[in-house]
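What follows is a short report on a single structure.
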Amino acid sequence: MQFAAPVPIACRQVSVRFEGGRDVLCGVDLDVPAGAAVSLVGPSGCGKTTLLRCIAGLQQPTAGSIEPGTGTVAAGAMAYVFQEPALLPWLDAVANVMLPLDLVGRGTRAERRAAATRWLGEVGFAAADLAKRPAELSGGMRMRVSLARALVTEPAILLLDEPFAALDDLLRTRLTDLLLDLHARHPRTMVLVTHNIGEAILVGDSVASIDRGRIGGTVAVDLPRPRLARTRGTPAFGRLYDAVTDLLAEAVR
Amino acid sequence: MSRTRTSPGRALLETLPALATAVAVVAVWQWAIGHWRIPPYLLPSPGQVATAAWEKRAALVQAFAVTARGAVAGLATAAVVGTALAILFSQSRMLRMAVYPYVLFLQTVPIVAIAPLLVTWSGYGERTVILVSAIIALFPILSNVTAGLLALDANHRDLFRLYRAGRVPTLLRLRLPTATGHLAQGLRISCGLAVIGTIVGEFFVGRGGDSPGLGAVMDRWLAMGKTDALIAAVLLSSLLGLAMFAAVSLLTDRLLRRYLPGTGD
């Protein structure tokens, strides 16, 4: 199976008003070029996850438009990694990863199983644990399964909602490295929501802050790829870190 | 995840307080009969009950088997009908709003009031007993499974929406597996009710029927003033309820532990 060709994301004047009249997004404009990665940062409750859910088609905007709309891409061309691994507890690791292929009806059962096993290998999942259920896996292993499940359909767009927030620092660094490595080998359009400034800079080609329901500002990340966690130690990374921190300070002011 | 298992010695130790209570109750019972000179037709002694149970052992064992069969059939019927109705309710909010209040209403009508009607409609036979048992056992299963089918994890629901899963795949691959724990809980609550329903059904059917379950023999011994045998039958019906609960708990616990590691409590 080949990855679907990356497609750009274009959000135009996207607004979301929750029941009760609270405006979460107020006319967001965001462009993510095909194959590029954008990190979204901002204070809690600023609307980052809501914007990601709108892009995924899981939430309808009250106003505005998003391209590609869910009807314009094939099922499985867009993948979403949740804050929690959100694995089905009654399925083993392989069956959990096979699930998206089962749901979109792609390939034979043997092909689906082979793809799931291959992707679990790609994310560094131990072969001995393939038949284990989520309750028998560590938090890091569960997140690897979740990542493999998102990638198994070879999506054109990958949306990540604070995927490593619940993990310890060491594991978080390892999984960020893994994400960078996967993006280097299989580039796709990617949007990462995160509270971690370092992670936002390492993953993104740009970092955008959301401020009171709008894009507050953007910092272009000109660090060369491939990037590694140790890129954090470079002076260029330090300058970007300061720039994103200033952006966030504006957002919380 | 490994699970701490209770050793046989510890399990025995944990049942000792309950056994001690039973011994104390029997002792007070025996003492009260001698002290207040209670006649046997009102309250026979524990020894007289044991003797009556031994003398009537053939009838009691047969009645126990008949009632157990009725209760299991009633519980199974309630499980199938309750799950099927819950599936329908989970698929349509409108249907749920239209029918669920009447299911609640059915739950509030005393089964003793419905049983004679069921005998009129369904006749004096085991079918009526199973029907009474199923009706009384239905509600906990229906309400638990409906709740389980609707209580989806928000991320799981989003995952299925993201991959545009239709109603049937979502039902089969997400809703039903999510509801298995709720079904197990409903079965545990309903198994005691199924025994009660069977005995109530037998009270009514037994008068004209040919299957002497515990309800029927109790009714007969009540009419004959055989209080000692009646108490033996009452104790046996309690034992049946406990046995059903233990069997259903053991079965569902094992299945859940196999199906959903980390659960099954």
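So the protein sequences, as listed, match chains A and B. Quick note, the first sequence lines up with residues 139 to 391 if you use my numbering. Quick note, the second sequence lines up with residues 175 to 439 if you use my numbering. Ideal placement from N, C-alpha and C gives every residue a C-beta, glycine not left out.
DSSP state of residue i, grouped into three classes?
i, result
"A/M139", "Residue confidence is low: A/M139 scores 46 on pLDDT, short of 50, so the model does not pin down where it sits. No coordinate-derived value is stated."
"A/A194", "helix"
"A/I204", "strand"
"B/T189", "helix"
"B/Y433", "helix"
"B/R177", "With a pLDDT of 45 at B/R177, under the threshold of 50, the modelled position of that residue is not reliable, and the figure given next carries that caveat. In this structure, B/R177 counts as coil in the three-state DSSP scheme."
"A/I353", "strand"
"B/G256", "helix"
"A/E157", "coil"
"A/D169", "strand"
"A/A288", "helix"
"A/Q244", "The sequence as given places Arg at residue 244 of chain A; Gln does not occur at that position. The answer is coil: DSSP assigns A/R244 none of H, G, I, E or B."
"B/A206", "helix"
"A/C184", "coil"
"B/I212", "coil"
"A/D299", "strand"
"A/S344", "strand"
Using a cut-off of 8 Å between C-beta atoms, extract the partners of residue i located in chain A.
i, result
"B/A339", "L241"
"B/P351", "L226, W228"
Going by CA-CA distance only, name the one from the options that's closest to residue i.
i, options, result
"A/G371", "A/I339, A/E274, A/L386", "A/I339"
"B/A421", "B/R362, B/D393, B/V202", "B/R362"
"B/Y433", "A/E274, A/A346, A/F263, A/L237", "A/E274"
"A/P293", "A/R350, A/A172, A/G158, A/A231", "A/A172"
"B/F313", "B/L346, B/L249, B/I405", "B/L249"
"B/A325", "B/I285, B/V277, B/A227, B/F263", "B/F263"
"A/V235", "A/R256, A/A194, A/I295", "A/R256"
"B/G355", "B/R428, B/L416, B/L413", "B/R428"
"B/R335", "A/F156, A/A213, A/G376, A/D167", "A/A213"
"A/E205", "A/P144, A/F220, A/L241", "A/P144"
"B/V369", "B/L217, B/L388, B/L357, B/A358", "B/L388"
"B/G299", "B/P351, B/R267, B/V240", "B/V240"
"B/G375", "B/G297, B/L404, B/F419", "B/G297"
"A/L196", "B/C365, B/A339, B/V303, B/P343", "B/A339"
"B/V255", "B/L316, B/M392, B/L217, B/M418", "B/L316"
For residue i, return the contacting residues in chain A, with the cut-off set at a CB-CB distance below 9 Å.
i, result
"B/L434", "P227, W228, R271, A273"
Residues of chain B with CB closer than 9 Å to the CB of residue i, please, in chain order.
i, result
"A/P238", "L333, L336, Y337"
What residues from chain A crowd round residue i, counting only those whose CB sits closer than 7 Å?
i, result
"B/N329", "F220, E222, A224"
"B/P214", "Near B/P214 there are no residues of chain A at all, since even the closest Cβ is about 57 Å away, more than 7 Å."
"B/P343", "L241"
Starting from residue i, find everything on chain B with Cβ-Cβ shorter than 8 Å and list it in chain order.
i, result
"A/M216", "L336"
Listing by chain order, which chain B residues have their CB less than 7 Å from the CB of residue i?
i, result
"A/A194", "L336"
"A/A213", "Y337, R338"
For chain D, is any of its Cβ atoms less than 9 Å away from the one on residue i?
i, result
"A/V235", "Chain labels in this structure do not include chain D; the protein chains are A and B."
Residues from the stretch 240-262 of chain A in contact with chain B, defined by Cβ distance under 8 Å | Answer set for the stretch 240-262 of chain A: D240, L241, V242.
4-residue-minimum alpha helix (DSSP H) runs that sit fully inside the stretch 306-340 of chain A, ordered along the chain | Entirely contained in the stretch 306-340 of chain A, the alpha helix (DSSP H) runs reaching 4 residues are, in chain order, 307-323.
With a floor of 3 residues, list each beta strand (DSSP E) that falls wholly inside the stretch 204-234 of chain A, ordered by position along the chain.
-> Runs of the beta strand (DSSP E) inside the stretch 204-234 of chain A: 216-219.
Of all the residues that make up the stretch 317-351 of chain A, which are near chain B by a beta-carbon distance shorter than 7 Å?
-> When C-beta distances to chain B are compared with 7 Å, every residue of the stretch 317-351 of chain A stays at or above that value.
What alpha helix (DSSP H) runs, 4 residues minimum, are completely inside the stretch 270-305 of chain B?
-> 285-296
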